[in-house]
Every structure is written in C-alpha cells, then in structure tokens.
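Below is one structure, written out as structure tokens, with a few remarks after it.
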Amino acid sequence: DVKVTQSSRYLVKRTGEKVFLECVQDMDHENMFWYRQDPGLGLRLIYFSYDVKMKEKGDIPEGYSVSREKKERFSLILESASTNQTSMYLCASSGDRYEQYFGPGTRLTVT
Amino acid sequence: GESVGLHLPTLSVQEGDNSIINCAYSNSASDYFIWYKQESGKGPQFIIDIRSNMDKRQGQRVTVLLNKTVKHLSLQIAATQPGDSAVYFCAEILYYGGATNKLIFGTGTLLAVQP
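Chains D and W supply the protein sequences, listed in that same order. Residue 53 in my numbering is what sits at position 53 of the first sequence, and the numbering runs on without skipping anything. Residue 1063 in my numbering is what sits at position 63 of the second sequence, and the numbering runs on without skipping anything.
Below, the structure written as structure tokens:
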C-alpha cells in the first residue's frame, strides 16, 4: 500500500510566523502535490513537483513556497503565515498512473 | 477533514438502499476520471476510475457511469452501509504535458447513511 504521511495533524501558529509542512511518501513516486481544502471550495492545487528540485505553481501559489530536496519528501512553506491561510492542507503523490494518493491532512490554524 | 462536509450538497439514504452520486465535469478534453471518498478527519481515498473511451466500469459494490455528451459522471453504490458515509469527490484529469497530470476536483457530495 502507498503511504503518504504528513508531519502534523493539527498545527496552531501565529500571524507572521514561518510555517513548514512536511510530507513523505514511501512509493518512490515522481510526482508530489500540495492542496488546500476549504468548505465550499473543494481542493485547490497550491504547488506540485514532478522531480527532485523541480516545482511548478498550481492555482493558488501566492503566499506559499515549496522545497523538494529528496524524492520522497515535499515541503510546503508559509513564509509569513496569515489568518487567511487557516485551512486543511493535503499532500498527495502519484507515479506513472493517474491517481493521486493522499496523506491524512494537516489542519492549520493561524491566529 | 471535519469541516469538509459543510456547504456541500447532501444525499441522505437508508442503510441497504442504493446510492447515486452525480458530478458534472468541465473539460471535454479530459480523458480520465476518478472518484474519491473522504471520511471525516482523513485524506481523500481512491475508489474507482474510468477512461473516456468507456461508459461504465464496475468495482466492488460501486459502478461509475460516464456520459461524455453531457459531461456527466455518476457513482453508484450498491447496498449502502454506514461505513459509506463520507464526502465523495469526482476528479477529471487534465494532461499537463511531459511531466505530470493535473487533477481538477469537484466540490463534493456528502453521503449520509441512516441506520
């Protein structure tokens, strides 16, 4: 079974803090993704990566950056957290098939 | 997550009945579709997929139907059980070219199974 893990299930940060969300997959997948999920808006793609050190902007990249130094790990960075970044963050990975496998999510609250 | 079900259309069914969840997709060029299930507090989980050259595909207790003429997808769950209670999303695949594929998700439907 594919396993995608995320470093925290729940996180509370203050406005202006730098926040790191970590994601690790154990299936040697090339592609990794970061989404945020908000009520009524569904899943929206923030960034994705199709190879180590490669990254592409998704639909809502503003206020975020990413890092992929190793194939199994994809990090999402909030340089200066704001209250409108309070959300559920989901990481996913995919290999040579289309379906993406998701982690359990990190519920981030910015106060 | 816990708040995913808010603001979503809800389908309420009795245990043992069949459920039909519908989805309209946006891009006539999409050639692959997936249904995901998201239980409260968990990430989305793959259920079943279908390619655009098919109009029906069956899995265990689930069937997906694809109508490309009207860009409509449905998920049928036979003999619905309490464990089927979740938010269900459809996703269409847009080929990104070269490297990877982008999923476009519907907003989801909350399935509530009454015992």
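Positions of the beta carbon are idealized from the N, C-alpha and C atoms, including for glycine.
For Asn1022(W), write down the residues that DSSP places opposite it in a beta bridge.
As a first step, residue 1022(W) is located in the second sequence; it is residue number 22 there, counting from the start. Asn1022(W) is bridged to Ser1074(W).
My assumption, with CB atoms under 8 angstroms, is that Ile1021(W) sits in contact with Leu1111(W). Please give the rounded CB distance.
Locating residue 1021(W) in the second sequence gives position 21, where the first residue counts as 1. Locating residue 1111(W) in the second sequence gives position 111, where the first residue counts as 1. Rounded, the Cβ-Cβ distance is 6 angstroms, consistent with contact.
Counting only C-beta atoms, is Phe102(D) closer than 8 angstroms to chain W at any point?
To locate residue 102(D), count along the first sequence from 1; it is residue 102. Judged by the 8 angstroms Cβ criterion, Phe102(D) is in contact with chain W.
Assigned secondary structure, Gln1038(W) (DSSP; H/G/I helix, E/B strand, else coil):
For the purposes of this step, residue 1038(W) is identified with residue 38 of the second sequence, where counting begins at 1. Three-state result, Gln1038(W): strand.
Does the CB of Gly1001(W) have a neighbour CB from chain D at under 8 angstroms?
Working through the second sequence from its first residue, we reach residue 1001(W) at position 1. Below a pLDDT of 50, predicted positions are generally treated as unreliable, and Gly1001(W), at 39, falls in that range; the measurement from the model is reported next regardless. It does: the Cβ of Gly1001(W) has a partner Cβ on chain D nearer than 8 angstroms.
Closest Cβ-Cβ distance between Ile1050(W) and chain D: below 8 angstroms?
Here residue 1050(W) is taken as the residue at index 50 of the second sequence, counted from 1. Output row for Ile1050(W): interface = no.
Does any residue of chain W bring its CB to less than 8 angstroms from the CB of Gly95(D)?
As a working note, residue 95(D) is residue 95 in the first sequence. Not one chain W Cβ lies under 8 angstroms of Gly95(D).
Please confirm if Pro1044(W) has its CB atom under 8 angstroms from at least one CB of chain D.
Taking the first residue of the second sequence as position 1, residue 1044(W) is located at position 44. Answer yes: the Cβ-Cβ gap between Pro1044(W) and chain D drops below 8 angstroms somewhere.
For Cys1090(W), which residues of its own chain have a beta-carbon under 6 angstroms away from its beta-carbon, when the five flanking residues on both sides are left out?
Working through the second sequence from its first residue, we reach residue 1090(W) at position 90. Closer than 6 angstroms at the Cβ level, and outside the excluded window around Cys1090(W), lie Cys1023, Trp1035, Leu1073 and Gly1106.
Short-range partners of chain D found in the segment 1068-1095 of chain W, where Cβ spacing is below 9 angstroms:
Residues passing the 9 angstroms Cβ filter: Phe1089, Ala1091 and Ile1093.
Flag Ser45(D) as yes if its beta-carbon sits less than 8 angstroms from any beta-carbon of chain W, otherwise no.
Position 45 of the first sequence, counting from 1, holds the residue named residue 45(D). Ser is not the amino acid found at residue 45(D); the sequence shown has Leu there. Yes, because at least one Cβ of chain W sits closer than 8 angstroms to the Cβ of Leu45(D).
Quick check on DSSP: helix, strand or coil for Asp26(D)?
Taking the first sequence and counting its residues from 1, one reaches residue 26(D) at position 26. Reduced to three states, the DSSP call for Asp26(D) is coil.
Would Ile1093(W) and Asp1031(W) be called neighbours here (beta carbons separated by less than 8 angstroms)?
Counting from one through the second sequence, the residue named residue 1093(W) turns up at place 93. Counting from one through the second sequence, the residue named residue 1031(W) turns up at place 31. Yes.
Give the secondary structure of Asn1053(W) by DSSP, where H, G and I count as helix, E and B as strand, and everything else as coil.
Within the second sequence, the letter at position 53 stands for residue 1053(W). In the structure shown, Asn1053(W) sits in coil (DSSP, three-state: anything other than H, G, I, E or B).
Going by alpha carbons, who is nearest to Tyr47(D) out of Tyr89(D), Arg9(D), Lys13(D) and Thr106(D)?
Residue 47(D) sits at position 47 when you count from the first residue of the first sequence. Ranked by Cα distance from Tyr47(D), the options Tyr89(D), Arg9(D), Lys13(D) and Thr106(D) are led by Tyr89(D).
Given a threshold of 16 other Cβ atoms within 10 Å of its Cβ, counted over all protein chains shown, does Gly1001(W) qualify as buried or as exposed?
Mapped onto the second sequence, residue 1001(W) falls at position 1. Confidence is the limiting factor: at Gly1001(W) the pLDDT is only 39, short of 50, which leaves the residue's position unreliable, though a coordinate-based value still follows. Around the CB of Gly1001(W), 16 or more other CB atoms lie within 10 Å, so the residue is classed as buried.
Any idea which residues DSSP pairs Gln1045(W) with across the strands?
Reading the second sequence from its first residue, position 45 is the one you call residue 1045(W). Residue pairing of Gln1045(W) in beta bridges, as defined by DSSP: Lys1037(W).
In the DSSP assignment, what are the bridge partners of Met32(D)?
The residue given as residue 32(D) occupies position 32 in the first sequence. Under the DSSP definition of a beta bridge, Met32(D) partners with Ser49(D) and Ser93(D).
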